[in-house]
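The sequence shown runs -29 to -1, 1 to 481 under mature numbering (1 follows the signal peptide of the UniProt record, and there is no 0). Virtual Cβ for every residue (Gly too), placed ideally from N, Cα, C. The block underneath contains the structure these notes are about, expressed in C-alpha cells.
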Amino acid sequence: LLCVPAMNLQMRWTLLILLFLHNTDISWADSFIVVGPSKPVVTYVGEDVVLPASLSPALNAEAFEVRWFTTDIMTPELLYADHTIMQQSDTRRTLSIDNLKNGNVSLIIRNVRVSDDHLYRLFLLLFTDLPLFCVSLVLGAQPSITMSSTEGQKTRLECSAEKWNPQPEVTWRDMNGADVTSQSTIKSERDSEGLLRVSSVLPVKEEYNVFSCLVRSKAPKPDWPSELNIYSTSSNRVSGWLVVFCVLLVLCLAVTPLLLFINNSSLYSLLSSIETNTRYDSIADVTFDPETAHPRLIVSEDGKEVRLTDTRQRVTDNPKRFDRWVNVLAREGFTSGRHYWEVEVGGKTKWDLGVARESINRKGDITVSPRRGYWTVCLRNENEYKALIGRPLPLPLRVKPQTVGVFLDYDEGQVSFYNAQSRSHLYTFTDSFTEPLYPYFSPCLNDGGKNAAPLVICPLNENKERQELQKEIIKISEVSSVIKWLLVNFSEGPPHSPETPGRLGGQRCE
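Shown next as C-alpha cells:
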C-alpha cells in the first residue's frame, strides 16, 4: 500500500482484496522490473510513435491494470483493465492488446501532435516503480533562401524556415567555410500552432561568392533527410558575378559538426565541368495519354492540352484509365536518365503535377504519396502549394508559378519542381525507383468555373531564350546532385526520404 500513496481509500481496499484473492506474495513483484527506453523517444508531428515498455522477465500482463498518465494518475492518458481498454484521453492512444501476453505494455500514440509533448508515466498494478518516458517533438520545415535589395543597392540574403520546435541554431558560412553568422541578424516568432518561424538576414557584397545557411536542431539526429536548394540569380545590377544559394537542413547531434567546404578554385572547376557535361537531351517531348484519362477529361489532338468537362465521354474502360479521380498520365514512360518538361498552370486555382509508377492503382480511391507510387506537388485554394509526402507539406512560395518545370533524374532517384520563369526551386523528392515512371497530371475540378483553365504541356525550344532557361534549370539540378554527393560522402550517411503513411482523405481535387 505504501507504493501507491496517490490512491484513495477505496482503491487501496481493492488492492488488498486482489492480493488476498490471488494469494500473491508481495515479494513476488520484486522479481520483475519494467524495462523502458534508455533515452527520450524522438518523433515528429504527424507520425506514429511507440513508448516501449515491457516486463522483464516476460510475464502475461493481460490480467493487470495498465495506466499511462502525464501529471495526474487519476486522469490517465490510457487505462487498460478487465482485459479491455477502459479509458483513453483520445482515440490516438492505444495498446497492442495481442502483445500484452508477452509482457509488452507499450503506449502507442498515432498522428503525433504538438500537444503530445509530455513526460509520460506508467503505473502497473502490483508494481512499485513509476517509469518515466519522454516524447520530444523535433520539427522543422524545409528552409528557403531569397535575395532582395535595400535602398542603398545592397543585396540581402534571407534564410527562413517555418514550423520549428525547439529553437534551432542558424549558421551562415561563405565559400571558404568561414563562419559569417555574426554579420547576420536572426529573429524568431511563434505562429498560431505554437511553432517557430526562424528568419536570418545576411547582407552581402556585389561580388562572386557562395553562401550556405545551416539550420540545425539540438535534438538527437533522427532519420530525416538533408534538403539542398540551389538558386542562381543574376541581373544588370549584379552583372559579372554569380551567386549560388545552398540551403542545408540537417537535424543532428549538437556535438556533430557538419561543414561543407568548397574553395574558390574547386567551385569554378565544378561549375565548368557541369556546364561541359550538362545533358541537353534531358528536355523531354511529353504528351497526354488519352487511354489513361478520366472520362471527364478531354485531351487535344496534339496531346499537349487537357481540360475537364461537365459530362463523361464515351470511352472504353481499360485497366490504364482513372475512373474516379480526374487524372491523366503521359504516353512517355522513363526507366533511366534525366528528363525535363514544363506545364502551364496560369489561371488555375487547383492542380496536381509530378510522376507516378506504372503499377499505381487507377481505380476507386487513391492515396497520393511516395509509398503509393506518386511523387507530386499540388496547388489548392489559389495560393496553397503543397508537397504530398504522405501528408501535405506546405511550400512557402513568394511568387506564384505560371509555368512549373518538372525534372526527373531516374538514376539519382530525384524528382524536382521549379518555377520555370524565375528558375526558383520548389521542392525535391529523393527516393529509389525500380519500375517505369510516367509524368502525372490532374487539372482538378472546375470549382464553379474558377478552375476551368486547361493544363498545357509547353512546346520546348520555342526560342533561344526559352531553350537557355530550360538548360539553366537542368544545370542547377546537376549542381544539386554533385553537392548532395559531397554531403553523402562527408556526412554520417545518405539521406532518407521521410514518409508519414496515411490516406489524404479529400485532399485531391474536391
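Is it true that the CB of residue j sits closer than 9 Å to the CB of residue i?
| i | j | result |
| --- | --- | --- |
| residue 91 | residue 167 | no |
| residue 416 | residue 390 | no |
| residue 169 | residue 131 | yes |
| residue 294 | residue 334 | yes |
| residue 418 | residue 306 | no |
| residue 414 | residue 278 | yes |
| residue 360 | residue 372 | no |
| residue 141 | residue 155 | yes |
| residue 26 | residue 4 | yes |
| residue 17 | residue 83 | yes |
| residue 151 | residue 276 | no |
| residue 78 | residue 24 | yes |
| residue 337 | residue 296 | yes |
| residue 329 | residue 406 | yes |
| residue 379 | residue 309 | yes |
| residue 397 | residue 388 | yes |
| residue 161 | residue 94 | no |
| residue 374 | residue 315 | yes |
| residue 377 | residue 395 | no |
| residue 265 | residue 298 | yes |
Just to confirm my understanding: we take residue i, look at its own chain, exclude 5 residues before and 5 after, and list those with CB closer than 8 Å. What are they?
| i | result |
| --- | --- |
| residue 514 | Summary: the structure shown does not reach residue 514, with the chain confined to residues -29 through 481, and so no result is reported for it. |
| residue 56 | 49, 50, 65, 66, 68 |
| residue 58 | 47, 49, 50 |
| residue 282 | 267 |
Tell me which residues share the same chain as residue i and place their Cβ nearer than 7 Å to its Cβ, disregarding the 5 neighbours each side in the sequence.
| i | result |
| --- | --- |
| residue 238 | Summary for residue 238: the model assigns pLDDT 42, below 50, so the residue's position carries little reliability; its value from the coordinates is reported in the next sentence. Correct list, in chain order: 146, 181. |
| residue 138 | 159, 167 |
| residue 164 | 85 |
| residue 347 | 323, 324, 325, 339, 359, 411 |
| residue 230 | Low local confidence applies: a pLDDT of 38 at residue 230 is under 50, so the model's placement there is unreliable, with the coordinate-based value given in what follows. These residues qualify, in order along the chain: 148. |
| residue 301 | 257, 258, 259, 260, 409, 410 |
| residue 353 | 320 |
Leaving out five residues before and five after residue i in sequence, what residues of the same chain have Cβ atoms less than 6 Å from its Cβ?
| i | result |
| --- | --- |
| residue 129 | 117, 172 |
| residue 256 | none |
| residue 236 | Only weak support exists for where residue 236 lies, its pLDDT of 41 falling under 50; the value from the coordinates is given anyway. So the list is empty, once near-sequence residues are dropped. |
| residue 81 | 19, 63 |
| residue 96 | 35, 36 |
| residue 70 | none |
| residue 74 | 25, 26, 29, 30, 32 |
| residue 424 | 318, 319 |
| residue 157 | 141, 171 |
| residue 400 | 346, 386 |
| residue 291 | 262, 263 |
Per DSSP, which one or two residues make a beta bridge with residue i?
| i | result |
| --- | --- |
| residue 32 | Partner(s): none; residue 32 has no beta bridge. |
| residue 413 | 323 |
| residue 482 | Because the chain spans -29 through 481 in this model, residue 482 falls outside it and cannot be assessed. |
| residue 52 | 55 |
| residue 140 | 187 |
| residue 268 | 279 |
| residue 5 | 26 |
| residue 65 | 79 |
| residue 166 | Answer is none; residue 166 lacks a bridge partner. |
| residue 405 | Residue 405 is not bridged to any residue. |
| residue 524 | No answer is possible for residue 524: it lies beyond the span of the chain, which begins at -29 and ends at 481. |
| residue 20 | 80 |
| residue 117 | 129 |
| residue 150 | 144 |
List the endpoints of the continuous beta strand (DSSP E) containing residue i.
| i | result |
| --- | --- |
| residue 127 | 126 to 135 |
| residue 161 | 156 to 161 |
| residue 80 | 78 to 80 |
| residue 40 | 37 to 40 |
| residue 396 | 395 to 401 |
| residue 44 | Premise fails: residue 44 is in no beta strand (DSSP E) and is neither H nor E. |
| residue 390 | 385 to 390 |
| residue 254 | Counting along the chain, residue 254 falls outside any beta strand (DSSP E), and DSSP gives it neither H nor E. |
| residue 374 | 374 to 380 |
| residue 427 | 426 to 428 |
| residue 95 | 90 to 95 |
| residue 364 | 363 to 365 |
For this session: Only counting runs of 3 or more residues, tell me where the beta strand (DSSP E) segments fall wholly within the region 272 to 360, in order along the chain.
Result: 276 to 279, 309 to 315, 322 to 328, 345 to 351, 355 to 359
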